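Asker: Below: one structure in C-alpha cells.
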Amino acid sequence: MNENGTGSKGFPSLTVRALFSSAVVNVLMISIASSQLSRTKY
6 MNENGTGSKG FPSLTVRALF SSAVVNVLMI SIASSQLSRT KY
C-alpha cells in the first residue's frame with residue numbers, strides 16, 4: 006500500500022479510509038465528552 010492509501014484495488018484503501026475516519030470521529034467525541042465532564046465537575 007502506498008503512503009496516500011491507494012492500493013492495487015479500491016477495497017483496501019476504502020476500508021482503511023473508513024476505519025481512519027471512524028477512529029477520528031471517536032477521538033473527537035471522546036475529547037468533547039471528557040471536556041464537558043471536566044467542565045461539569047469543576
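Numbering (the numbering used here), first residue to last: 6 to 47.
Quick reminder that beta carbons are idealized off the backbone N, C-alpha and C, glycines included.
In this text the structure is predicted, and so the values were computed from the model without any measurement.
Alpha carbon to alpha carbon, how far is A28 from S18?
Answerer: 15 Å
Asker: Can you list, in chain order, the residues of its chain whose CB lies under 7 Å from that of F25, leaving out five sequence neighbours each side?
Answerer: none
Asker: Between V30 and T45, what straight-line distance do the alpha-carbon atoms span, to the nearest angstrom?
Answerer: 23 Å
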